[in-house]
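Structure, as structure tokens:
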Amino acid sequence: MAILTDLVVWQLADELRNEVFRLVGAERVHGDFRFRDQIRSAVSGVAANIAEGYGRRSHAEFARFLDFAMGSLRETENWLLDGAARGYWTSKQTSSAKLLCKRLTVALNNLRKYLRSTQTP
0 MAILTDLVVW QLADELRNEV FRLVGAERVH GDFRFRDQIR SAVSGVAANI AEGYGRRSHA
60 EFARFLDFAM GSLRETENWL LDGAARGYWT SKQTSSAKLL CKRLTVALNN LRKYLRSTQT
120 P
């Protein structure tokens, strides 16, 4: 059995988390504690739900936690848009995070389809 950090979905979630943490480390965001905490919580939830699902016993349970991860991903995307609306960053500054969100969406969807179409070994 592979370890968690071998999963491409987890690797992408980790990359996204690092990118978002870099964005919120900017001086303009630093003083908005509520915003900073919300986006950090959302992006951390993506990898956390992947990890929790991976630790479950069945494909069905893992897929359910990937649903939660997708919800956290959508929340993260919303906070990225919100941050731009607040003037914390430009669209160009978030281009890497947005690309990671797209790649992660595809990876999560593909893994969910696989898990829901196969039996737990």
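The sequence shown begins at 0 in numbering that gives the first Met the number 0 and counts up one residue at a time. Every residue gets a Cβ at the ideal spot worked out from N, C-alpha and C, and that includes glycine. Computed from a predicted structure; not experimentally measured.
inquiry  = Tell me the DSSP secondary structure of T75 in three-state form.
reply    = Mapped onto the sequence shown, residue 75 falls at position 76. Looking at T75 - three-state DSSP - the assignment turns out to be helix.
message = So, does the region 86-100 touch the region 50-59, judging by three or more C-beta pairs under 8 Å?
response = no
key: The alpha helix (DSSP H) enclosing T104, as first and last residue numbers   = One-based indexing of the sequence shown puts residue 104 at position 105. Counting along the chain, the alpha helix (DSSP H) containing T104 begins and ends at 94-116.
task = Report yes if the CB atom of H88 is closer than 8 Å to the CB atom of A41, and no otherwise.
result = For the purposes of this step, residue 88 is identified with residue 89 of the sequence shown, where counting begins at 1. For the purposes of this step, residue 41 is identified with residue 42 of the sequence shown, where counting begins at 1. Checking the displayed sequence, the identity of residue 88 turns out to be Trp instead of His. Going by beta carbons, W88 and A41 fall outside the 8 Å limit.
query = Just how far apart, CA to CA, sit D36 and R21?
reply = Within the sequence shown, numbered from 1, the residue matching residue 36 stands at position 37. Within the sequence shown, numbered from 1, the residue matching residue 21 stands at position 22. Taking the straight line joining both Cα atoms gives about 13 Å.
task = Determine the extent of the alpha helix (DSSP H) in which W9 is found, giving its start and end residues.
result = Sequence index remark: in the sequence shown, residue 9 carries index 10 (1-based). Residues 7-23.
task = Report the rounded CA-to-CA distance for A84 versus R16, giving the unit in angstroms.
result = On the sequence shown, residue 84 is found 85 positions in, with the first residue counted as 1. On the sequence shown, residue 16 is found 17 positions in, with the first residue counted as 1. Computed Cα separation, rounded: 20 Å.
request  = Count the other CB atoms, across all protein chains shown, that sit within 10 Å of the CB of G82; report buried if there are 16 or more and exposed otherwise.
outcome  = Position 83 of the sequence shown, counted from the start, is the residue given in the question as residue 82. Around the beta carbon of G82, 16 or more other beta carbons lie within 10 angstroms, which makes this residue buried.
message = Measuring straight from C-alpha to C-alpha, what distance separates F67 and K101?
response = Looking up residue 67 in the sequence shown gives position 68. Looking up residue 101 in the sequence shown gives position 102. Approximately 16 Å between the Cα atoms of the pair.
Whole-number beta carbon distance between V19 and T75, since they are thought to touch under 8 Å = Position 76 of the sequence shown, counted from the first residue, corresponds to residue 75. Position 20 of the sequence shown, counted from the first residue, corresponds to residue 19. Between V19 and T75 the Cβ distance is about 7 Å, and since that is below 8 Å, they are a contact.
ask   = Just curious, the alpha helix (DSSP H) that D36 is in, first and last residue?
value = Numbered from 1 along the sequence shown, position 37 holds the residue referred to as residue 36. Here the alpha helix (DSSP H) through D36 covers 32-53.
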